[in-house]
Amino acid sequence: MMLSVKDLSVRYGRNQILDHVTFSVEEGHWLMVVGPNGAGKSTLINAVTRNVAYTGNVLFEEEDIRLKKPAELARCMGVLAQSHETAYSFSVEEVVALGRYAHSSGFLSRCREGDGDAIEAALALTGMKNSRSRSILTLSGGELQRTFLAQVFAQDPKLLLLDEPTNHLDPAYQKQIFDLISDWLKKPGRAVISVIHDLSLAKAYGTEVMLLHRGQVIAGGKARDVLKPAYLDRVYGMDVCGWMRRMLSQWEDPEEARTGNRA
Amino acid sequence: MKLSVKRTRSLAAVLAAAMLLALTACGSQNDGQGPSESTVSSVAEQDGGSQSAAEDSADDAAEQDGGQEETDSTSVTVTDMVGREITLDEPATRVVALTPSDCEILYAIGAGDTLVGRGTYCDYPAEVSDVPAVDSGSETNIEQILALKPQVLLMSTMSQTEEQAKQLEEAGVHVVISDAQDIEGVYTAIEMIGALMGKDQEAADVVGSMRSSFAEIEEKSAGDGSKTVYFEVSPLEYGLWAAGSNTFMDEVANMMGLTNCFADLDGWASVSEEQVLERNPDYIVTITMYYGEGPLPEEEIMARPGWENVTAVKNKAILNLQNNELSRPAPRLAEGAKMLFDFVYGSE
Amino acid sequence: MKTRKERFRALEYLFFSALTVAVFCLCVCIGSVNIPLGKTLSVFRDALSSIIQRCLFRSSAAFPEGTDVSILLTVRLPRVLCVAITGAALSLVGAAMQGLLKNPLADGSTLGVSSGAALGAVVAIAFGITFPALPFAGTMVMAILFAFLSLLIILGLTARLDRSLSTNTIILIGVIYSMFVSSLMSIVITFAADRVQHITFWTMGSLQGKGYPDAAILFGALLVFGGVILFHQRELNAFAVGEENARHIGVNVRRVKLTLLIAVSGLVGVCVSVGGSIGFVGLVTPHMLRMLTGPNHRRLLPASLFGGACFLMLADLVARILLNPRELNIGIVTSLTGAVVFVCIFYRTRRGK
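Heads up: the protein sequence lines correspond to chains A, B and C, in order. The opening residue of the first sequence carries number 1 in my numbering; numbering runs sequentially from there. The opening residue of the second sequence carries number 1 in my numbering; numbering runs sequentially from there. The opening residue of the third sequence carries number 1 in my numbering; numbering runs sequentially from there.
What follows is the structure, given as structure tokens:
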């Protein structure tokens, strides 16, 4: 078991954000965390990365994450945030190279063998090789997200945590990012957890899905077992599947589809 | 130099105020723009004319008042040093003085007992500290002053004082500005305050004694301007400042045949340490106060690294006039000058 | 590729140190009193040979004397040294804070840390807080302590208002804090006017009359605290990209932040207790150098050291000779330049958004 979470609870003042959440992730799996706004999805990521105080247990490979040093933890888990505010004109390569921090912290081992290779590989994988010396201030949202994806690839963690990684990206970039991650996941010894709003994406890429509502796990397991109207309608308070089907059916109209394809 | 002081036989008229000028607490760093001398002399010229005018207005006032008071009282009219005319029914008995120099003048002419309030920085003579203090300078507080119920407020100006003077005069306080730019101006101020207090004779005595002691110094001094003196008004620790020309110190130095080595600067000015070393003064006069901690100001100057080649330091020719003897437009200027004279030429 | 970059860095170092040496020589040769270059050189040659002879051969070789020697060796040289080290230190502090807070407007003077340090120094002097063994230590320790507390207060207040520590909020809090501290300082000075230096020293700063001991203290502080900052180049890069991101890549955010804040406070505290709070050096130089070296702290931090030294030496030169024989306050020159640059950066960052 790569990550096992037991009775994870987080409260901010009187608000119980997470209430005894229990789940686990195995090697090779992609866990999709879904749920309406305010369900506690982002807090879950923050707790697992030790960014907020929590009660309960979070074990990474059977070891409590609270016993790990920050750099050690970063070698186990990498995070891709949903957006990035930039202030200075660092180059793409400089940002990606920061991903190696956890592998060479301490000033005696500034540059380790393999750092260069990892950075090159990450740049190549994300297709940012030709943009390596561009300033991050000049990048589009998708390019910026790919840069930080390259950074987390260079960091080479075993578990990748994604907090709505494609929230504000257009479909082409969404596909790109998700394909890149599922390629990354193919190597042994890796797993992914991602928080996501788009239930279709969750169903398409996830091996497991966990449905959160008001800090509690409503359902967890295989995607097809969880993303069912029985759960979704209750959590979202509407006929989610029906609505999505209606959305998709627009494209099934032969007339529309034909013109759409031509355009 | 005469003052336009008149005693009329009838009741006095009340005046309103207009313009004010500055006389800072530390004195002498004014830029010499003060019109003190010319104003006073021009007033003196029209002395005869203004006498009758004053009588007229006094008569009017008497009529308006219904002639309650009998005549033959001692009304006082003075023109202050920015040219405003102030008339009092009788010599003042309750005075607030904001500047240290005016306090000193009051005590010198024997009118110290009329002082009911003083500015924060008034420190001479020692008994002045028994007088209630009021905020002065930029913090001048009208309420504090009014609470002391003075007849006269002696003050200098800051930018906002025109307004303050107006308020004070509306409240019935006569505002008198004293503003001496040079030693002659100090005489004028003394005589003006003397007249205000009905102490003309005492004021004349003070001025006379100042005149004679300056004359004596001038006469005895053998200097031909070849020896230089450096007046340090702020020590190295706070950033060096020197007294340049148009200062009392400069005037006194010239009087005794010394050359102020920063005469090329006007008023008080920040100077470079290198320049002091380069100009190599024969005498150093510092006005730094000593508060009983650390080295004496003279010793501090002697110990400054790099100053050992300065003639004054080599000869230990450093004088500390720490009680503002040479920086305030007050009667003690004569004492300060005497101290400097004794220091330069020996006191035999 | 890597080697090319390394060599470029070596060239940069060479350029900056050559520039600094050149500016240093210029500032020692020019001053309020005009001493011919030949004379200047011979004074230094004689002094140097005398020192070498004394040290190596223990002979009592005569040390040169005279007014020019005094001016050059005991007035001008130590002052220029102090100015150079202060400039380097303040500029390093500015660069570090701008990186740490991801805020191009951060600096000891804009955030009120310098004012805080000055208040500490004033309080130490006014209430006679000293350690008998070290005459200056009381002032210095209090200045460092107050600088650190100021940083905590400013960051704490900002974090309460705005968790992302945005540029504008932090600057606003800094300005308010500076004003608050300045009035506190005026009050303390009013109560202890006989002990405390004139307020302009603390608000504008001055390095007039500073000697070799001051230079040594400044140098020591730069070595210790500056060293700490220089060892955190990678962490500063991470913070400059974003604090969240720094946490994700494994930076010990709390520890690094605390360490850097202590180093920054230490450096600001020592500089302020020696030379008062000289404004805007830490804002102007890193900003201008970033255009040259890029935001990477591996290059920016060393460049700031040299650049800050050059900038402040030149500002001091202007202060010394512009109104000769009068002397301007060095803080006036830096604030004048700094205010203009500040407005430029502010406009640019605002327009960028």
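Ideal Cβ placement from N, Cα and C applies to all residues, glycine included.
Check whether chain A comes within 8 Å of N237/C, counting only Cβ atoms and requiring the distance to be less than that.
If you number the third sequence from 1, residue 237/C lands on position 237. Yes, contact with chain A.
Have a look at R190/A, G99/A, G221/A and T147/A and flag the residue whose alpha-carbon is nearest the alpha-carbon of D115/A.
Taking the first residue of the first sequence as position 1, residue 115/A is located at position 115. Checking every option, the nearest Cα to that of D115/A belongs to G99/A.
Does the beta carbon of I249/C come closer than 8 Å to any beta carbon on chain B?
Walking along the third sequence from the start, residue 249/C turns up at place 249. Answer no: the Cβ-Cβ gap between I249/C and chain B never drops below 8 Å.
Does chain B have any CB closer than 8 Å to the CB of I125/C?
Residue 125/C sits at position 125 when you count from the first residue of the third sequence. No Cβ of chain B is located within less than 8 Å of the beta carbon of I125/C.
Please report whether the beta-carbon of L168/B lies at a distance below 8 Å from any beta-carbon of chain C.
Along the second sequence, one-based indexing puts residue 168/B at 168. No, L168/B does not count as interfacial toward chain C.
Counting only the same chain and skipping the five closest in sequence on each side, list residues whose C-beta sits under 6 Å from that of A215/C.
For the purposes of this step, residue 215/C is identified with residue 215 of the third sequence, where counting begins at 1. Apart from sequence neighbours up to five positions away, the residues of its chain that approach A215/C with a beta-carbon distance below 6 Å are P78, L81 and C82, ordered along the chain.
Is the number of C-beta pairs between the region 306-320 of chain C and the region 84-98 of chain C that are closer than 8 Å three or more?
Short answer: they touch.
Step through the CB atoms of chain A and report whether any lies within less than 8 Å of the CB of K102/C.
For the purposes of this step, residue 102/C is taken as the residue at position 102 of the third sequence. Cβ-Cβ to chain A under 8 Å: yes for K102/C.
Which runs of the alpha helix (DSSP H) fall wholly inside the region 87-165 of chain B and span at least 4 residues, in chain order?
Whole alpha helix (DSSP H) segments, 4+ residues: 100-108 and 142-147.
Residue environment, Y107/B, which counts as buried when at least 16 other CB atoms sit within 10 Å:
The residue given as residue 107/B occupies position 107 in the second sequence. So Y107/B ends up on the buried side.
Cutoff 8 Å: H168/A Cβ touching any chain C Cβ
As a working mapping, residue 168/A is identified with position 168 in the first sequence. No, H168/A does not count as interfacial toward chain C.
Could you check how far apart the C-beta atoms of A221/C and G99/C are, in whole angstroms? I think they sit under 8 Å.
Counting from 1 along the third sequence, the entry for residue 221/C is found at position 221. Counting from 1 along the third sequence, the entry for residue 99/C is found at position 99. In fact, because the Cβ distance is near 20 Å, the residues do not count as touching under 8 Å.
Could you give the distance in angstroms between the alpha-carbon of K149/B and the alpha-carbon of G211/C?
Within the second sequence, the letter at position 149 stands for residue 149/B. Within the third sequence, the letter at position 211 stands for residue 211/C. Roughly 54 Å separates the two Cα atoms.
From H213/A to S9/A, what does the alpha carbon distance come to, in whole angstroms?
Reading the first sequence from its first residue, position 213 is the one you call residue 213/A. Reading the first sequence from its first residue, position 9 is the one you call residue 9/A. H213/A and S9/A: Cα-Cα distance of roughly 14 Å.
Around the C-beta of H103/A, are 16 or more other C-beta atoms found within 10 angstroms, so that it is buried, or is it exposed?
For the purposes of this step, residue 103/A is taken as the residue at position 103 of the first sequence. Flag for H103/A reads buried.
Taking 8 Å as the CB-CB cut-off, is S335/C touching chain B?
As a working note, residue 335/C is residue 335 in the third sequence. In terms of beta-carbon proximity, S335/C stays away from the interface with chain B, with every pair separated by 8 Å or more.
Let me know if G128/C comes out buried or exposed under the rule of 16 or more other beta-carbons within 10 Å of its beta-carbon.
What you label residue 128/C is simply residue 128 of the third sequence in a count that begins at 1. Counting Cβ neighbours within 10 Å, G128/C comes out exposed, since fewer than 16 surround it.
Pop quiz: S133/A and E93/A are said to be a contact at Cβ under 8 Å. What is the actual Cβ separation, rounded to whole angstroms?
Here residue 133/A refers to the residue found at position 133 when the first sequence is read from its first residue. Here residue 93/A refers to the residue found at position 93 when the first sequence is read from its first residue. The C-beta distance from S133/A to E93/A rounds to 6 Å, short enough to meet the 8 Å contact threshold.
Let's see if you can read the secondary structure: which residues bound the beta strand (DSSP E) around F60/A?
What you label residue 60/A is simply residue 60 of the first sequence in a count that begins at 1. From DSSP, the beta strand (DSSP E) with F60/A extends over T55 to F60.
Kindly indicate if chain A contains any beta-carbon less than 8 Å away from that of G94/C.
Start at 1 with the first residue of the third sequence, and residue 94/C comes out as number 94. With its beta carbon at least 8 Å from every one in chain A, G94/C lies outside the interface.
Between the Cα of Y121/B and those of G346/B, N324/B and E219/B, spot the shortest distance and give me the residue it belongs to.
For the purposes of this step, residue 121/B is taken as residue 121 along the second sequence, with counting starting at 1. Closest by C-alpha distance to Y121/B, out of G346/B, N324/B and E219/B, is N324/B.
Same chain, Cβ closer than 6 Å to D200/B, neighbours up to 5 away in sequence not counted:
Stepping through the second sequence from its first residue, residue 200/B is reached at position 200. Correct list, in chain order: G194.
Is R299/C close to chain A? Criterion is C-beta to C-beta, closer than 8 Å.
Counted from its first residue, the third sequence places residue 299/C at position 299. Closer than 8 Å: no.
Report the residue ranges of all alpha helix (DSSP H) runs contained in full by the region 168-202 of chain B; include only those spanning at least 4 residues, in chain order.
Whole alpha helix (DSSP H) segments, 4+ residues: 183-197.
Comparing the C-beta of F24/C with each C-beta of chain B, is any distance below 8 Å?
Locating residue 24/C in the third sequence gives position 24, counting from the first residue. It does not: the Cβ of F24/C has no partner Cβ on chain B nearer than 8 Å.
Quickly, what does DSSP pair D183/A with across the bridge? List them, please.
Your numbering for residue 183/A matches position 183 in the first sequence. Looking at the DSSP output, D183/A sits in no beta bridge, so it has no partner there.
For chain A, check one thing: does any of its Cβ atoms lie closer than 8 Å to the Cβ of P295/C?
Working through the third sequence from its first residue, we reach residue 295/C at position 295. At a cut-off of 8 Å between C-beta atoms, P295/C counts as an interface residue with respect to chain A.
Alpha carbon to alpha carbon, how far is R54/C from P295/B? Give it in angstroms, no decimals.
By one-based count along the second sequence, residue 295/B stands at place 295. By one-based count along the third sequence, residue 54/C stands at place 54. Here the alpha carbons of R54/C and P295/B stand approximately 32 Å from one another.
Run the CB neighbour count on A204/A, radius 10 Å, all protein chains shown included, and call it buried at 16 or more, exposed below.
Within the first sequence, residue 204/A is the residue found at index 204, counting from 1. It is exposed - the Cβ of A204/A has fewer than 16 other Cβ atoms within 10 Å.
Return the first residue and the last residue of the beta strand (DSSP E) that L371/C is part of.
In this structure chain C extends from 1 to 353, so residue 371/C is not present and cannot be described.
Nearest to P100/B by CA position, among S156/B, T93/B, I142/B and A147/B, is which residue?
Residue 100/B sits at position 100 when you count from the first residue of the second sequence. For P100/B, the nearest C-alpha among the options comes from S156/B.
Helix, strand or coil: which one does DSSP assign to W243/A?
Start at 1 with the first residue of the first sequence, and residue 243/A comes out as number 243. The DSSP-derived three-state label of W243/A is helix.
Using a beta-carbon distance cut-off of less than 9 Å, what residues from the region 302-323 of chain B approach chain C?
Listed by position, the residues of the region 302-323 of chain B near chain C (Cβ gap below 9 Å) are R304, P305, G306, W307, E308, N309 and V310.
Around the C-beta of V264/C, are 16 or more other C-beta atoms found within 10 angstroms, so that it is buried, or is it exposed?
Locating residue 264/C in the third sequence gives position 264, counting from the first residue. It counts as buried.
CA-to-CA distance, L322/C to R328/B, given in whole angstroms:
What you label residue 328/B is simply residue 328 of the second sequence in a count that begins at 1. What you label residue 322/C is simply residue 322 of the third sequence in a count that begins at 1. Roughly 31 Å separates the two Cα atoms.
Applying the 10 Å Cβ sphere with the 16-neighbour rule, what's the burial state of K210/A?
For the purposes of this step, residue 210/A is identified with residue 210 of the first sequence, where counting begins at 1. In the sequence under discussion, the amino acid at residue 210/A is Met, which differs from the Lys named in the question. Counting C-beta atoms within 10 angstroms of its own C-beta, M210/A has 16 or more neighbours from the protein chains shown and is therefore classed as buried.
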